[in-house]
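Working notes for the structure below.
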Amino acid sequence: MSRRRSATFSIRRRVYIITIFAIYIVCMFSLFSLLLAVDSELEQQQLSHNQIITHDDGSSSKDINNSSRKAREDSFAGMIDRALEKEFTEGDQTHENDAGGFNNSVNEQQAVLETVARVRPKKNDTEEEKSFKLHRVFNLDNDNGAQETPTLIDRKDNVFIISNFKSKYPVLQLDLRLISDLVVVIVSATCGGIAFACAGQPVMTGYLLAGSLVGPGGLSVVSEMVQVETVAQFGVIFLLFALGLEFSMVKLRVVRAVAVMGGLLQIFLFMCLCGIAASLCGGKPSEGVFVGTFLSMSSTAVVLKYLMEKNSVNTLHGQVTVGTLILQDCAVGLLFALLPILGGTSGVLQGIISMTKSLVTLMAFLVVLAIMSRTCVPWFLKLMMSLSSQTNELYQLAAVAFCLLVAWCSDKLGLSFELGSFAAGVMIATTDLAQHTLEQVEPIRNFFAALFLASIGMLIHVHFLWNHVDILFASVLLVVVVKTVIISVVVKGFGYNNKTSLLVGMSLAQIGEFAFVLLSRASNYHLVEGKLYLLLLGTTALSLVTTPLLFKLIPAVVHLGILLRWFSPDSQTEIAFKGEIVRSDSAKQRLAIVAKDFMMHEV
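Heads up, the sequence shown is in this note's numbering, so the first residue is 430 and it goes up one at a time.
Next up, the structure:
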C-alpha cells in the first residue's frame, strides 16, 4: 500500500515538473517572438528613415519627427503612453511651493541677488592635466560612474554645495563628494589610531594628526569641510550621552559644590585676571574678558575620552572633572549672551535680560526632564525592551532616537546639543536599564568620537603651526601652567587634597574645541581681529594636539609628588566620596541583577 502511494506521488511530481517546464518553454518562445517582431519593426523604421534622408534631402527634420511620432501613437507603446497620461496628470508632479524659493525670497526681500560661479566637474583634460596628483585619487569624476555634486563660489570665495536639485519627478539624490570625504576621514583616522597604538601612544593623537593630514592644512583631500564636521558632531553628542548613562547623582552630591560653585568661580577668575592684564598692557578690557572666557573652556570630548580609557570616570578627581565640564556646557548659553555686550553691539540691560532668559530656560528645561525621567522614560524603555528581539535592534534605535530628540530640543531652546545629550543619558541612568543601554550605544559612541577628533584635526593647519611653532608653543605652555595653577587652587579651596586638586587642574589645562565656535562668534562681533585672532586660533589648535601628551605626564607628576611628599592624606571629602562609591556600587549590582532577571523573563 505504501509503495503504491509512493509511486503515485512520484508520478504526480513528474507531471508537475513536465507541466512547469512546458509553461516555461511556451513563455520563453512567446517572449523571443515578441522581441524578434519588435527588432524587425525597428530595423524597418530605421531603413525607411535612412531612405528618406538619402533620397529626399529637402525634407525637413520636422516632417521626420512627425512621422515617427505618428508611428509611435499608432503602436502599443502609444496606447500605454495615453493611458499613463490620463492616470498621472500634471497636478501629480512634484512642484513644491517652497517659501525659500528664488522668486519668493527676492520678492519678500529675504535674499540679495549676487553673482556666483557654478563649477562643474571637468570632462576634457589635457595630457598635462592627466598627470598623477594625489587629490585626483579621490576624484569622483569618471566616464562610467556618477559625477560630483556641482558647487557655487561667490565673490568672497565662499564655496557652497548644492543641497537640493529641483527635478520634475522625485529622484534619489546623492552627494558622492561627501561620501568620499567621510571615507577618507574614517580610513585616515583608523590608520592614525593604529599607528599610535602600536607606538604605545594615545590613539587620540593619531586621530587628530590624521585629520590635520587630510584636511585643508595638509594634503587638502577633504573638500566638504562643513558637511563632514556636521556629521562628526554626533561624536560629542554620543560621548556625553554615554557619560550621562554612567552618571550617578549619589556621587555628584559629594562634589556638587566644587563642580557648580568652583566651575563658576574658575570662569570668573579667568575673566577678571585676563581683563586686568589687558588693561595693564594698554589693551581693551573687553578683549581681555573675552580671552579669559575663551581660556576657561576645556575640551569635553578629549577629556572624557581620556577618563574613559583610563577607567577614571568614577574616581574622585574624575567626578570633579566631569562636573566642571558639565557646568561649562551649561554656561555656553550665558557666554553667548555675553559676547554682544563685550562687542558693544547691545546694551548692558539687554545683555542681562538675555542672560536671565537663558538661565530661566535652562531651569525650566531641567525641571521638565526630571519629571519625565520619573514618569515616561521607565515605561518607554520597558516597552522597547519587550518589543525588541534578541538582537536588541529596536531598543538600540530607540535609545539613539531618544538621545537625539532631547539634544535637538535643548538646541532649539537656545541651550546646547551637549547639555541635551548629557541630560538624556542622566534620565536613563535613573532606571535599571542604564547599563544595558550603555552596552548598546557604546560602539556608536566609539565610531563617532573618532570621527569627531579627526574633524577637529582638520582645523589644524600644520604649515601654520610649523611657521609659528615658537610663539605658539610658548603660549600653550603658559596656558597649561596658568590653568593648572588656578584650577588646582580653586579645587583646593573646597577642601580637597593636593593630589586631587593637581589631577583636576592638569586634566582641564587644555583649551576646548568649543573655543573655535566662541572665537568665530567673537570675530563676527569684531571683538577680536587680526593677529590676536590668529594667536588664539593657533594656540587652541596646538593645545588640542599636545593634550594627549599632557595626559601622559600625569602619572609621572603624581609619582614625583609621592616621592617629594607633596600629597597629604585623604580629607573628609575624599573619605565621604569613597563611602558613597561603596554604597553606589552595591546598589548598581542589585540593579544589574534586577535588569538581568527582567531580560531573562522577557526572553
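We treat Cβ as the ideally placed atom computed from N, Cα and C, and that holds for glycine.
All values derive from a computational prediction rather than experimental measurement.
* Asked: Would you report the Cα separation of residue 710 and residue 685, rounded to the nearest angstrom?
  -> 37 Å
* Member of 622, 845 and 712 whose CA lies at the smallest distance from the CA of residue 759 -> 845
* Could you tell me the boundaries of the alpha helix (DSSP H) in which residue 547 lies? => No alpha helix (DSSP H) contains residue 547, which is instead part of the beta strand (DSSP E) from 546 to 548.
* To do: Select from 973, 968, 883 and 671 the residue whose C-alpha is nearest the C-alpha of residue 616.
  => 883
* **Within the segment 613 to 640, ranges of the alpha helix (DSSP H) (whole runs, at least 4 residues)** => none
* Asked: From residue 632 to residue 625, what distance separates their C-alpha atoms?
  -> 6 Å
* To do: State whether the segment 734 to 754 contacts the segment 682 to 697, with contact taken as three or more CB pairs (one from each stretch) at a distance under 8 Å.
  => yes
* Asked: Would you report the Cα separation of residue 934 and residue 847, rounded to the nearest angstrom?
  -> 22 Å
* How would you call residue 1001, buried or exposed, if buried means at least 16 neighbouring beta carbons within 10 angstroms? -> Annotation note: pLDDT 49 at residue 1001 (below 50); position unreliable, coordinate value reported separately. Exposed.
* To do: Could you tell me the distance, in whole angstroms, from the CA atom of residue 713 to the CA atom of residue 813?
  => 56 Å
* To do: For residue 697, count neighbouring C-beta atoms within 10 Å of its own C-beta (all shown protein chains included) and say buried if the count is 16 or more, exposed if not.
  => exposed
* By how many angstroms is the C-alpha of residue 932 removed from the C-alpha of residue 986? -> 9 Å
* Asked: Skipping 5 residues on each side, what residues in its chain have a beta carbon closer than 6 Å to that of residue 802?
  -> 856 and 859
* Asked: Looking at the structure shown, is residue 941 part of a helix, part of a strand, or coil, going by DSSP?
  -> coil
* With a Cβ-Cβ cutoff of 8 Å, do residue 885 and residue 637 count as a contact? -> yes
* Asked: Is the segment 921 to 931 touching the segment 647 to 666 in the sense that three or more CB pairs, one from each, lie closer than 8 Å?
  -> no
* Asked: In whole angstroms, what is the alpha-carbon distance linking residue 912 and residue 969?
  -> 14 Å
* Assuming residue 939 contacts residue 979 (C-beta within less than 8 Å), just tell me the rounded distance between them. => 7 Å
* To do: Would you mind reading off the limits of the alpha helix (DSSP H) that contains residue 675?
  => From DSSP, residue 675 is part of no alpha helix (DSSP H); its letter is neither H nor E.
* Taking residue 618 as the reference, which of 628, 640, 610 and 602 has the closest Cα? -> 640
* To do: Could you pull the start and end residues of the alpha helix (DSSP H) that residue 917 belongs to?
  => 898 to 922
* Grab the span of the alpha helix (DSSP H) containing residue 876 for me, first residue to last. => 863 to 887
* Asked: Which same chain residues, not among the five before or five after residue 747, have their C-beta less than 6 Å away from its C-beta?
  -> 736 and 741
* Counting Cβ pairs, one atom from each stretch, are 3 or more of them under 8 Å apart for the segment 942 to 960 and the segment 701 to 708? -> no
* Can you tell me the Cα-Cα spacing of residue 976 and residue 723, whole angstroms? -> 17 Å
* To do: Would you mind reading off the limits of the alpha helix (DSSP H) that contains residue 927?
  => 927 to 936
* Asked: Would you call residue 992 buried or exposed, if buried means 16 or more other Cβ atoms sit within 10 Å of its Cβ?
  -> exposed
* First through last residue of the alpha helix (DSSP H) which encompasses residue 653 -> Neither: residue 653 is in no alpha helix (DSSP H) and is coded neither H nor E.
* Nearest residue (CA-CA) to residue 675, options 907, 701, 994 and 861 -> 861
* Determine the contact status of residue 957 and residue 971, defining contact as a CB-CB distance below 8 Å. => no
* Secondary structure of residue 825, DSSP reduced to three states -> helix
* To do: Over the uninterrupted alpha helix (DSSP H) stretch that includes residue 731, give me the two end residues.
  => 729 to 738
* Determine, using beta carbons only, whether residue 851 and residue 663 come nearer to each other than 8 Å. => no
* Asked: Thinking C-alpha only, which one of 917, 996, 854 and 721 is nearest residue 810?
  -> 854
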